[in-house]
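Residue numbers (this note's numbering): 5 to 195.
Here is the structure:
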């Protein structure tokens with residue numbers, strides 16, 4: 005039988021938890037919509053490599069930003085809870101930092117940050133793919149279509165988890181994508 009390393013077991017446990025799912029969905033939505041905004045904003049260029057570079061650069065920056073943002077936000081929350089528990093237990097500051105529970109929580113926080121950033125980066129790559137294959141106008145329409153399809157699927161997934169009407173949940177996400185698309189086209193046309 006295949007033995008799974010402990011660190012990989014922890015990652016798989018987190019992916020199966022609510023927090024793992026939350027960070028994957030959030031990252032995909034964030035990455036896809038922000039990359040769509042970048043490619044729409046850069047679509048005035050006649051050179052697809054400019055659009056690809058802008059989209060990939062924005063996607064990588066957004067992914068790394070989400071790793072840092074998720075980790076620091078989660079760690080701040082974890083620290084606040086630790087400090088409160090130490091006060092309630094009448095222990096000195098830092099007492100619980102040596103506990104197994106605290107150390108596991110720190111590892112989970114780092115993994116959640118990575119999941120968020122990786123999902124954001126993957127999501128940001130999706131609207132850029134058409135620019136490798138098609139002319140700019142066609143690629144732009146395909147980037148919008150890919151984003152709308154992905155957000156509809158994510159909306160259905162979210163609706164399924166929350167026991168809501170999955171079609172309505174999907175449509176809500178599509179409306180968000182359409183609003184972002186419209187605003188980004190308005191900004192691109194303004195400049």
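Ideal Cβ placement from N, Cα and C applies to all residues, glycine included. Since the structure is predicted, the reported quantities are computational estimates derived from the model, not experimental observations.
Leaving aside the five residues that flank residue 95 on each side, none in its chain has a CB nearer than 6 Å to its CB. Membership of residue 79 in the alpha helix (DSSP H) is indicated by the continuous run 52–92. Taking every protein chain shown into account, the CB of residue 42 has 16 or more other CB atoms within 10 angstroms, so this residue is buried. A buried status is given to residue 63, since no fewer than 16 other beta-carbon atoms sit within 10 Å of its beta-carbon. Here residue 108 is exposed: its Cβ has fewer than 16 other Cβ atoms, across all protein chains shown, within 10 Å. Ranked by how close their Cα comes to the Cα of residue 146, the residues 36, 26, 28, 29 have 36 in first place. Taking every protein chain shown into account, the CB of residue 177 has 16 or more other CB atoms within 10 angstroms, so this residue is buried.
Contact annotation, residue 55 with residue 135: C-beta distance approximately 5 Å; criterion of less than 8 Å satisfied. Apart from sequence neighbours up to five positions away, the residues of its chain that approach residue 89 with a beta-carbon distance below 7 Å are 100, ordered along the chain. By the criterion of at least three beta-carbon pairs nearer than 8 Å, the segment 114–126 is in contact with the segment 22–32. Within the segment 18–48, complete alpha helix (DSSP H) segments of at least 4 residues are found at 22–46, given in chain order. In the three-state scheme derived from DSSP, where H, G and I count as helix and E and B as strand, residue 167 is classed as coil. Secondary structure at residue 128: helix, using DSSP grouped into helix, strand and coil.
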